Amino acid sequence: MRIFGPNELLEDVVKKDLCIGCGACTYLCPYFRSYRGKTAMLFPCTLTEGRCWAYCPKTEVDLDDLSKRFFDRPYDGDPLGFHGSVKISRAGSKVGAGSFQAGGTVSALMSFALNKGYIDAAVLTDRDGILPVPRVVTDPGDVLKCSSSKYTAAPTLSGLNQAIKEGYKRIGVVSTPCQCIAIAKMRSNPTGIDDFTDPVGLVVGLFCTWALDFRAFDAFISERIDVNKVTKVDIPPPPAEIMEIYTADGKQEIPLDEIRKLVPDTCSYCIDMTSEFSDISVGVLEGRPDINTIIVRTKKGQDIVDEAEKEGFLVLDDLPEENLEHLMWAANNKKKRALIKAKEDGLINTSQEDKRSYLRLDPKTLKNIIA
Amino acid sequence: MTNIQLSKDPYNIIITGVGGQGNVMASRVLANMLVEKGYWVTIGETFGSSQRGGSVMSHLRISKESSWSPQIPKGRADVVVALEPIEATRVLKDYGNPKVKILSNTRAISPVGVIAGELDYPSMEEIKKSARELASDVWFIDATDEGLRLGNPILGNIIMLGALSGVGVLPMDREGFKGVISRSIPKDKIDINLKAYDMGEQMVKV
Amino acid sequence: MSYLSDSNEGARYLLMGNEAIVRGALEAGVKVAAGYPGTPSSEIIENLSNVGKDMNIYVEWSVNEKVAMEVAAAGSFAGLRSLCAMKQNGVNVASDFLLHLAGSGTRAGMVLIPCDDPGALSSVNEGESRYFARLVEIPLLEPGDFQEAKDMTKWAFELSEELRQIVMLRSVTRMSHASGNVGFGRLPVSDVHAEFKYDGFVLDPMEGIVISAPVDYRHAQQHEKLNKAREIFEDCPFNTYNGPDSPELLIITSSACTLYSREAISILGLKDRVGLLKLGTTWPLPPKLLKKYLSKTDKIMVVEEVLPFLEENIKILAAEMASEIGVKIFYGKNDGKIPMVGELNPDIVVNALAQVTGIDYKPVSDEYENKAQETATGGAPSRELTFCPGCPHRASFWSIHNALELDGRKGFVCGDIGCYTMAILPCGFSSLKTSHSMGSGTGIASGFGKLGGFGFDQPVLSVCGDSTFFHTGIPALVNAVHHESNFTMVILDNSGTAMTGFQPHPGLKVNALGDEVPSIDIAEVCRALGARVEVRDPFDLEETQKTINQLIEDKQGVKVLILRQICALSPEKKGKKKYEMTIDEEICLAENCGCNRLCTRIFRCPGLVWDKGKKVTKIDDVICAGCGVCADICPVGAIKRKEAA
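Chains as they are written, first to last, in the working numbering: chain V, 349 to 719; chain Z, 53 to 258; chain H, 6 to 650.
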């Protein structure tokens, strides 16, 4: 696949509003930065090939290539992506008390992995008011400080890039589907760096239907409350159709319809609801706000989950059949809708040539999914 | 004691270099030496870009009769004294002519465009070749290096003045030089300046 | 002691035009001198301040040209000869007072010395000061060479006293900054006593009150003064003619153009065909004198810069005298023989003359010209202007630029006058998007800051130097605070008036004469006005950029950010390195992804040199000022700084 550079990244992604602000292109160099949810290029760069373009989850994502690398098989369009077991889970008693969202599975996995040395650093997303802030955490006790969901797109991968610079060799990341794709691209060494070693030890992906544009969300919320006083943000399960914002003074409810207007266009092209390119994916069980759904994809992921369960960090159980069907249906819907839209807008490359596209996909697979 | 006469009136000298090299000081010393000998001297200079990386030029008109335009007319430089080599090339564009004499330092000061990696600085061979093609007589001397050896790179300018004297077209001499600098520099610095002047004179006779 | 105060009558020196003017003022016994730094005028006040103490002259760098003129006027009212000096657009600043001063008249001799900058060699305009003489109706003199610069200045004080009117003596860059032989006259030995008399008859010019009213009376007086000047000018030795009795063509010129015209005539060998009428008194024009010379020929060429001031005034006279002198053919700016724009030089005049006389003139052969052009184009890389190594502005604009890019709302900077005007260029990351006159950056920004009601949501910044702040920045800030304008004023405080040669201003503890004086705290002034004020060190890049982002997100009223760091050229700092800088060539990423030569390609400090051969950055120890800022921009930490011994 041909690699392009920062100017193409600017033209094809940033200027076309495809950028989700994942942070993959930031802190690789002095030019790209993320600020309050927006990706900015500080100065012009004259290079024609760059890691920034190569790692971006919105440039030429070759799904077959990534799938073969990480799962030894071509991309087949499975709604949940390639997976092993799909179960339900929650944090076990060994995990300290903390204000985690839902079942606390993510916090449990990361603190366990740090504890046991599976990873030497964890890249998590903290919050400053409602502004998401990437954090590199090395003390398992600090993991819980970053628990709780953030509904706005976050430049978490700038934290990953910083952790790599600081020399960590087995980094764990908690990432959204688009961020997982960027990480997968990065790990495949697309620019052919000599002596490249994979610095990522564990990827815990999150389920995601959409994320909110931070600046739009900030402007919207600021009209209603002091954003510096926000303690928690939550979207309870249907049929509530609201977003709950907690401050020290209490809770405010906002109709989800209003919130959906703050979803950036780029999310409508996203084909991945369950973070298909991860070791372990975690979401909320439909209808049960205190329990997680957990999908294990790799052997490494399975090893960690097994050991965590054995040592009391994680409690697992079977996923009811109707929940699995519903999950697959929802995931497939998102994938289908996104692919149809991307195809209409000319963003999919189904040929053998290199093009400046967003997704690269075998035409047969595309047809199967859309049909 | 010199008895050189001007071969034409006005006789036109350009002293050129980069801001901060001592262009103005050199032109003042030379001008005062000639005023002492009874000449009218007109100097044209621009200040402004001097500290901030720009080229600087002093135009000197030496005459027995009167003041002249502070800007030398096109194609009328008689001698170009360059404290920096590409500045010689630069002034020839407007003021050069087949009879011009060039006396240039060899120490390069790269423009910002060059040190930023965008422009190329020509090699010394290229500069010398161009100079020979556009002038009647050419001298390139390592004035800054010799100045450094004497203890201060700024003495390079004095060496250039001595060299200009050695070229033999102007009524300049050692006594005149000593008289001028005695009025403006501390007594203990006079000897080293004279040494530099003498060295310059020697360097063009080689 | 300065050679300008040499008491030997008859001494001869090589003097700059400005120095000659100073000598003339000293020979006239000037006692009060005020001005504001402005190239090409600054050396006048500087040289006077060098001799001020020894010769008992009060010399002041005022906050702006208007106040400078007022200070000098007080000297004149109290019986002391006074002068004020400024660059061309300084007269614009002082013009309101000048208008009224021309009405009230003066007492002891007072001379206004504007130094124009045709071609804008050190300006962002090539405005004309000469028209002010005509506009406010005062006499105008223009010296044509260095001796005249001295002699005319001395005479200007005498003329001013004879007329009880301020006299304008106009110089240009190529006179002020050029040098030539000047013979000295006598220095006065008398002492003077200052007293302001006001008890006499109200309209008495020397003992009454000094006001520009009643206007019709005063205005009529102005006319009488001009008429008197006109008479005097008919016989003035500064108006000279050289040439044949019956020239084919008459050149009328003034100022530095005299030297160009004389040389052009010489180059073309036209001494016997072309006459040169040099006018030293260019307003009001002496009609009898002009009639005499206009009668000599039908072809008249006027050579001047920048605007056709002389040309148009001469044409008016010629039209009035047409029945007596006949119809003339005029060459000059209006017919295109002399360019309307830019400064003149001997070649332009040669060109014009050659066209009119039909002479074919080539300074060098085409072959030589082509070769020289080609060689210069390839072999002499241009020298772009940049901030000095160690300049705080480079660091300030780095942070300003980055803060605006991160903010992402198409924010911009309104520029002002000073070294930082260069931030229009890549050395300041092309940050300035407007630039006009002194103090106008803040005025314009405050205007933008009131456009919110029209959907305007771009963050606005102004930059203003510390000297500029005192010049005209304060009224703009007062206006902005009072009207609750939403913008951020960035005061670049480098402790001096740097661009013009580091003159002092009220923010410093020293004045023009070198005395210790109270300084005025800029931050306190801004706080007293009610602005939100923050002070930062621009060399702390991270903190500065963070602060700027915070300030531009604050939509309430005026924010003032003072970036305080001393100029690299200041006498205190010059030559002293705070850090020794080195590059670890092993770590330097250079052209590779992850850096792409950020330091040499973008930051562009002259101390950082790109080694094309080794493909790494190097430090030029001679040029590096040791400020240490570059160590903070290197993405891989290859630039090392160590405290200097």
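Using N, Cα and C, we set each Cβ at its ideal position, and we do this for glycine too.
None of the values given here were measured: they were computed from a predicted structure.
Could you tell me which chain V residues have their CB closer than 8 Å to the CB of residue 413(H), listed as they occur along the chain?
Numbered from its first residue, the third sequence carries residue 413(H) at position 408. Within 8 Å Cβ-Cβ: 383, 386 and 388.
Can you give me the start and stop residues for the beta strand (DSSP E) that residue 482(V) sits inside?
One-based indexing of the first sequence puts residue 482(V) at position 134. Run containing residue 482(V): 479-485, per the beta strand (DSSP E) assignment.
Does residue 339(H) come within less than 8 Å of chain V when only Cβ atoms are used?
Residue 339(H) sits at position 334 when you count from the first residue of the third sequence. Chain V, which has no Cβ nearer than 8 Å to the Cβ of residue 339(H), makes this no.
What residue ranges within the segment 144-223 of chain Z form continuous beta strand (DSSP E) runs of no fewer than 3 residues, ordered along the chain?
List check, beta strand (DSSP E) in window: 153-157 and 189-193.
Where does the unbroken beta strand (DSSP E) through residue 677(V) begin, and where does it stop?
Translated into positions along the first sequence, residue 677(V) becomes position 329. Counting along the chain, residue 677(V) falls outside any beta strand (DSSP E), though it belongs to the alpha helix (DSSP H) covering 669-692.
Short of 7 Å Cβ to Cβ, which residues in the segment 75-97 of chain Z face chain H?
Residues passing the 7 Å Cβ filter: 83, 84, 87, 92, 93, 94, 95, 96 and 97.
Please tell me whether residue 633(H) and residue 583(H) are closer than 8 Å, where the distance is taken between their beta carbons.
The sequence position of residue 633(H) within the third sequence is 628, counting from 1. The sequence position of residue 583(H) within the third sequence is 578, counting from 1. Yes, Cβ-Cβ distance for residue 633(H) and residue 583(H) is below 8 Å.
Can you list the alpha helix (DSSP H) stretches of 4 or more residues lying completely in the segment 69-94 of chain H, in chain order?
Listed in chain order, they are 70-82.
Just to confirm, are residue 35(H) and residue 117(H) a CB contact at a threshold of 8 Å?
Stepping through the third sequence from its first residue, residue 35(H) is reached at position 30. Stepping through the third sequence from its first residue, residue 117(H) is reached at position 112. In this structure, residue 117(H) does not lie closer than 8 Å to residue 35(H) by Cβ.
Can you list, in chain order, the residues of its chain whose CB lies under 8 Å from that of residue 579(H), leaving out five sequence neighbours each side?
Residue mapping note: residue 579(H) aligns to position 574 of the third sequence, counting from 1. Closer than 8 Å at the Cβ level, and outside the excluded window around residue 579(H), lie 573.
Measure from the alpha carbon of residue 549(V) to the alpha carbon of each residue in 564(V), 655(V), 543(V) and 516(V), then state which is nearest.
Reading the first sequence from its first residue, position 201 is the one you call residue 549(V). Out of 564(V), 655(V), 543(V) and 516(V), 516(V) has the C-alpha closest to the C-alpha of residue 549(V).
What does the alpha-carbon distance come out to for the pair residue 180(H) and residue 266(H)?
Sequence index remark: in the third sequence, residue 180(H) carries index 175 (1-based). Sequence index remark: in the third sequence, residue 266(H) carries index 261 (1-based). Rounded to the nearest angstrom, the two C-alpha atoms are 14 Å apart.
Mark residue 222(H) as exposed unless 16 or more other C-beta atoms lie within 10 angstroms of its C-beta, in which case mark it buried.
As a first step, residue 222(H) must be located in the third sequence, where it is residue number 217. Residue 222(H) comes out exposed.
For residue 610(V), report the span of its alpha helix (DSSP H) as first-last.
Here residue 610(V) corresponds to residue number 262 of the first sequence, with the count starting at 1. Unbroken run through residue 610(V): none, as it is neither H nor E.
Tell me which residues of the segment 384-417 of chain H have at least one Cβ-Cβ distance to chain Z shorter than 8 Å, keeping chain order.
Per Cβ criterion, the list reads 384, 385, 386, 387, 388, 389, 390, 391, 392 and 393.
Which residue marks the beginning of the beta strand (DSSP E) containing residue 644(H), and which one marks its end?
Here residue 644(H) is taken as the residue at index 639 of the third sequence, counted from 1. 644-648 is the span of the beta strand (DSSP E), which, as asked, contains residue 644(H).
Between the Cα of residue 656(H) and the Cα atoms of 401(H), 299(H), 615(H) and 310(H), which residue gives the shortest distance?
Coverage of chain H is limited to positions 6 through 650, which leaves residue 656(H) absent and any answer about it impossible.
So, with DSSP's three-state summary, where would you put residue 115(Z)?
For the purposes of this step, residue 115(Z) is taken as the residue at position 63 of the second sequence. Correct three-state label for residue 115(Z): strand.
Which one or two residues does DSSP pair with residue 508(H) in a beta bridge?
Residue mapping note: residue 508(H) aligns to position 503 of the third sequence, counting from 1. In DSSP, residue 508(H) forms a bridge with 502(H).
Look up residue 666(V) in the DSSP assignment and say whether it is helix, strand or coil.
Numbered from 1 along the first sequence, position 318 holds the residue referred to as residue 666(V). Reduced to three states, the DSSP call for residue 666(V) is strand.
Put residue 321(H) into one of helix, strand or coil per three-state DSSP.
Here the question's residue 321(H) lines up with position 316 in the third sequence. Note: residue 321(H) maps to helix in three-state DSSP.
Go ahead and pull the three-state DSSP assignment for residue 380(V).
Translated into positions along the first sequence, residue 380(V) becomes position 32. Note: residue 380(V) maps to strand in three-state DSSP.
For residue 193(H), collect the residues of the same chain with a Cβ closer than 6 Å to its Cβ; drop the 5 residues on either side in sequence, then sort them by chain order.
Indexing the third sequence from 1 puts residue 193(H) at position 188. Once the five neighbours on either side are set aside, the close Cβ partners of residue 193(H) are 34.
Kindly indicate if chain H contains any beta-carbon less than 8 Å away from that of residue 391(V).
On the first sequence, position 43 is the one that residue 391(V) refers to. Yes, residue 391(V) lies at the interface with chain H (some Cβ there is under 8 Å from its Cβ).
Tell me the DSSP secondary structure of residue 661(V) in three-state form.
Locating residue 661(V) in the first sequence gives position 313, counting from the first residue. Coil.
Should the segment 219-233 of chain Z be called in touch with the segment 16-34 of chain H, which here means at least 3 C-beta pairs below 8 Å?
No, they do not touch.
Step through the CB atoms of chain V and report whether any lies within less than 8 Å of the CB of residue 600(H).
Within the third sequence, residue 600(H) is the residue found at index 595, counting from 1. Closer than 8 Å: yes.
When you compare the CB of residue 377(V) with every CB in chain H, is at least one pair closer than 8 Å?
Stepping through the first sequence from its first residue, residue 377(V) is reached at position 29. Closer than 8 Å to some Cβ of chain H, the Cβ of residue 377(V) qualifies, so yes.
Identify the continuous alpha helix (DSSP H) that holds residue 214(H) and give its terminal residues.
On the third sequence, residue 214(H) is found 209 positions in, with the first residue counted as 1. Counting along the chain, residue 214(H) falls outside any alpha helix (DSSP H), and DSSP gives it neither H nor E.
DSSP three-state call for residue 437(V): helix, strand or coil?
Translated into positions along the first sequence, residue 437(V) becomes position 89. Correct three-state label for residue 437(V): strand.
For residue 361(V) and residue 611(V), I'd like the C-alpha separation in whole angstroms.
Counting from 1 along the first sequence, the entry for residue 361(V) is found at position 13. Counting from 1 along the first sequence, the entry for residue 611(V) is found at position 263. If you take the alpha carbons of residue 361(V) and residue 611(V), they lie about 17 Å apart.
Do the segment 371-391 of chain V and the segment 419-426 of chain V make contact, defined as three or more Cβ pairs closer than 8 Å?
No, because fewer than three Cβ pairs between the segment 371-391 of chain V and the segment 419-426 of chain V fall closer than 8 Å, the two stretches do not touch.
Please name the residues in the segment 397-410 of chain V whose beta-carbon is closer than 7 Å to at least one beta-carbon of chain H, in chain order.
Listed by position, the residues of the segment 397-410 of chain V near chain H (Cβ gap below 7 Å) are 398 and 399.
Would the segment 333-344 of chain H and the segment 314-322 of chain H be scored as touching if the rule is three or more Cβ pairs under 8 Å?
Yes: at least three Cβ pairs fall under 8 Å.
Against chain H, does residue 185(Z) count as a neighbour if the rule is that its beta carbon must be under 8 Å from one of theirs?
Position 133 of the second sequence, counted from the first residue, corresponds to residue 185(Z). It does: the Cβ of residue 185(Z) has a partner Cβ on chain H nearer than 8 Å.
Since residue 427(V) and residue 389(V) should fall inside the 8 Å C-beta cutoff, what is the C-beta to C-beta distance between them, to a whole number of angstroms?
In the first sequence, the residue the question calls residue 427(V) occupies position 79. In the first sequence, the residue the question calls residue 389(V) occupies position 41. In fact, because the Cβ distance is near 36 Å, the residues do not count as touching under 8 Å.
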